[in-house]
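From first to last, the protein sequence lines are chains A and B.
Position one of the first sequence corresponds to residue 1 (UniProt numbering), numbered consecutively onward.
Position one of the second sequence corresponds to residue 1 (UniProt numbering), numbered consecutively onward.
Using N, Cα and C, we set each Cβ at its ideal position, and we do this for glycine too.
Contents: one structure, followed by commentary.
Protein chains: 2
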Amino acid sequence: MARQVTGAARRVADAAEVLRDEKFNARRIELAEAALETLGELGFARTSLREIAQNSAFTHGVFHYYFSDKLDLICCCVRHYKAKCVTRYDEVVATATSRDELTEGFLAKLAATLQNEARMHRLWYDLRSQAMFEAAFRKDVLEIDKSLEAMIWRIASRYAEFGGKRPASSPAALYALFDGLFQSALLKHLAGDKTAIPELLDEVRRLLPTVC
Amino acid sequence: MARQVTGAARRVADAAEVLRDEKFNARRIELAEAALETLGELGFARTSLREIAQNSAFTHGVFHYYFSDKLDLICCCVRHYKAKCVTRYDEVVATATSRDELTEGFLAKLAATLQNEARMHRLWYDLRSQAMFEAAFRKDVLEIDKSLEAMIWRIASRYAEFGGKRPASSPAALYALFDGLFQSALLKHLAGDKTAIPELLDEVRRLLPTVC
DNA sequence: CCAGAATCTTGACACTTGTCAAGAACGAAT
DNA sequence: ATTCGTTCTTGACAAGTGTCAAGATTCTGG
């Protein structure tokens, strides 16, 4: 009987702890999201915790309550960013019923991303570069890279499928190609080059039939 | 006569100034080279002028004598880096007498670069990302990117030439592809992945005949 | 309603940063 | 050898950094 009570008490306590953990985690994500704003604006090198706090509704102390240190915060940011990013094109893949539809959907999304989410994406490239110096970032960054590669592969596979074919290159090569093109277009776009986006679209439109 | 003397004096003065300028510039490059050491080790975000000075034979004051500020120094580093980088594969292109020779020369250089100059290359990716935030870097970075694209294009053109063909894609797409692959391999290599280099070589070996 | 835990604020700390200025060391022309 | 301009060293400054801890506030279970 004592054991049962203990068991029940344990269950209640566990449930409470789970709840607390969830709340704690939700807060962490709120904070990470706020941090992403400033990180996207200033980049990793120029972003301090105080700056993050000032551009948000939180005080700088809260960040230390929820994160063990700055790296911990930024790792959380990276992980959270991943979840948003990795499914960006999946709807297009799911709803397209033809090659053309898939192409146009993909291109439209590509243009919109470049136009509206330039800051988040430059942060991604920044952090991926940071991972080359800071080992703490590597695991998450490599994981995200894999997910993005898989995302591109899903698009390419579907595209090839519509033509009754198979993609002509490996997932790694396809991802390298599109990521490289996107990165270059992003830099030009940020530098004020109005032709960056249309040129990227042209290039991708030309490329798709040749690689898939 | 007075005019002649003035003219001669002017010429002498000019010559002296040119000499001083050259010496000044040579010193700047020495300092930039020293700075590149630390930058390659720590990355842009974690590198301070004092750290640079401590890892070199110079005191931190000298850097402020030769550079107006930190950005000026790093811009000079980037420009200097460019000169070294952009001709890396030209000897291979010049001396190869067949497809195979070009392929093997290119792959060997690729592997050696990844192995021995990982630090300089991660710095390049770092600074290219910084250019997405810091306008002061953009001009130089875009220029270097163009030069690298041209370098890849020379390789691909020569390769295609050996086969009596023309490259199948645009310079931009080819550069994006190889740069993307290299970047990914570099990250994996730095993360301790022993298969990164051989996998890159395999991929490139497979890719070359299909794109050129 | 109240005690204790969780959450948050505030201010301080030790340290690092970029920048600058005063003067020392040096080199070359007179 | 002296002088003057160049080059370099040193030390200081203000501003900004991550981190922490003490206390205020809010929430919650009893």
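Give a yes or no on whether the C-beta atoms belonging to residue i and residue j are separated by under 9 angstroms.
i, j, result
"residue 233 (chain B)", "residue 129 (chain A)", "Coverage of chain B is limited to positions 1 through 212, which leaves residue 233 (chain B) absent and any answer about it impossible."
"residue 200 (chain B)", "residue 108 (chain B)", "no"
"residue 177 (chain B)", "residue 176 (chain A)", "yes"
"residue 207 (chain A)", "residue 160 (chain B)", "no"
"residue 53 (chain A)", "residue 63 (chain A)", "yes"
"residue 56 (chain A)", "residue 31 (chain A)", "yes"
"residue 95 (chain A)", "residue 104 (chain A)", "no"
"residue 71 (chain B)", "residue 60 (chain B)", "no"
"residue 118 (chain A)", "residue 190 (chain A)", "yes"
Given a threshold of 16 other Cβ atoms within 10 Å of its Cβ, counted over all protein chains shown, does residue i qualify as buried or as exposed?
i, result
"residue 169 (chain B)", "buried"
"residue 209 (chain A)", "exposed"
"residue 133 (chain B)", "buried"
"residue 91 (chain B)", "exposed"
"residue 204 (chain B)", "buried"
"residue 179 (chain A)", "buried"
"residue 131 (chain B)", "buried"
"residue 84 (chain B)", "exposed"
"residue 1 (chain A)", "For residue 1 (chain A), the pLDDT reaches just 43, beneath the cut-off of 50, and the residue's location in the model is therefore unreliable, although a value from the coordinates is still provided. Exposed."
"residue 192 (chain B)", "exposed"
"residue 194 (chain B)", "exposed"
Identify the contact partners of residue i in chain A, using a Cβ-Cβ distance below 9 angstroms as the criterion.
i, result
"residue 219 (chain B)", "In the structure as shown, chain B starts at 1 and stops at 212, and residue 219 (chain B) therefore has no counterpart that could be examined."
"residue 207 (chain B)", "169, 170 and 173"
Give me, in chain order, the residues of the same chain whose beta-carbon lies closer than 8 angstroms to that of residue i; leave out the 5 immediate sequence neighbours on both sides.
i, result
"residue 121 (chain A)", "113, 114, 182 and 186"
"residue 146 (chain A)", "none"
"residue 142 (chain B)", "131"
"residue 88 (chain A)", "109, 113 and 151"
"residue 82 (chain B)", "140, 143, 144 and 147"
"residue 197 (chain B)", "111, 114, 115, 185 and 189"
"residue 123 (chain A)", "36, 39, 40, 43, 44 and 81"
"residue 24 (chain A)", "66"
Excluding the five sequence neighbours on either side, which residues of its own chain have a C-beta within less than 7 angstroms of the C-beta of residue i, listed in chain order?
i, result
"residue 27 (chain B)", "66"
"residue 35 (chain B)", "52, 73 and 77"
"residue 167 (chain A)", "156, 157, 160, 174, 211 and 212"
"residue 98 (chain A)", "162"
"residue 106 (chain A)", "89, 92 and 155"
"residue 29 (chain A)", "80"
"residue 165 (chain A)", "212"
"residue 202 (chain A)", "none"
Report all residues from its chain with a CB closer than 6 angstroms to the CB of residue i; omit the five preceding and five following residues, and keep chain order.
i, result
"residue 47 (chain A)", "38 and 39"
"residue 4 (chain A)", "Any reading at residue 4 (chain A) needs caution, since the residue's pLDDT is 47, under 50, leaving its predicted position unreliable; the model's value is listed next. Cβ neighbours of residue 4 (chain A) beyond the five flanking positions: none."
"residue 171 (chain B)", "149 and 153"
"residue 18 (chain A)", "none"
"residue 58 (chain B)", "none"
Going along chain B in order, which residues have a C-beta closer than 8 angstroms to the C-beta of residue i?
i, result
"residue 130 (chain A)", "43, 45 and 126"
"residue 163 (chain A)", "Near residue 163 (chain A) there are no residues of chain B at all, since even the closest Cβ is about 17 angstroms away, more than 8 angstroms."
"residue 145 (chain A)", "184 and 187"
Residues of chain A with CB under 7 angstroms from residue i, in chain order?
i, result
"residue 191 (chain B)", "138 and 142"
"residue 203 (chain B)", "170, 172 and 173"
Residues of chain A with CB under 8 angstroms from residue i, in chain order?
i, result
"residue 210 (chain B)", "168 and 169"
"residue 122 (chain B)", "129, 132 and 133"
Report the neighbours of residue i on chain B: residues whose CB is nearer than 9 angstroms to its CB, in chain order.
i, result
"residue 108 (chain A)", "Under the 9 angstroms cutoff, chain B gives no residues; its nearest Cβ is about 20 angstroms from residue 108 (chain A)."
"residue 90 (chain A)", "Chain B residues near residue 90 (chain A): none, gap ~22 angstroms exceeds 9 angstroms."
Residue i touches chain B at which residues, Cβ-Cβ below 7 angstroms?
i, result
"residue 176 (chain A)", "177, 180, 181 and 184"
Determine contact between the segment 149-165 of chain B and the segment 144-156 of chain A, defined as no fewer than three beta-carbon pairs at a distance below 8 angstroms. no
Does the contact criterion of 3 or more C-beta pairs under 8 angstroms hold for the segment 135-147 of chain A versus the segment 71-83 of chain A? Under the Cβ criterion (8 angstroms, minimum of three pairs), the segment 135-147 of chain A counts as touching the segment 71-83 of chain A.
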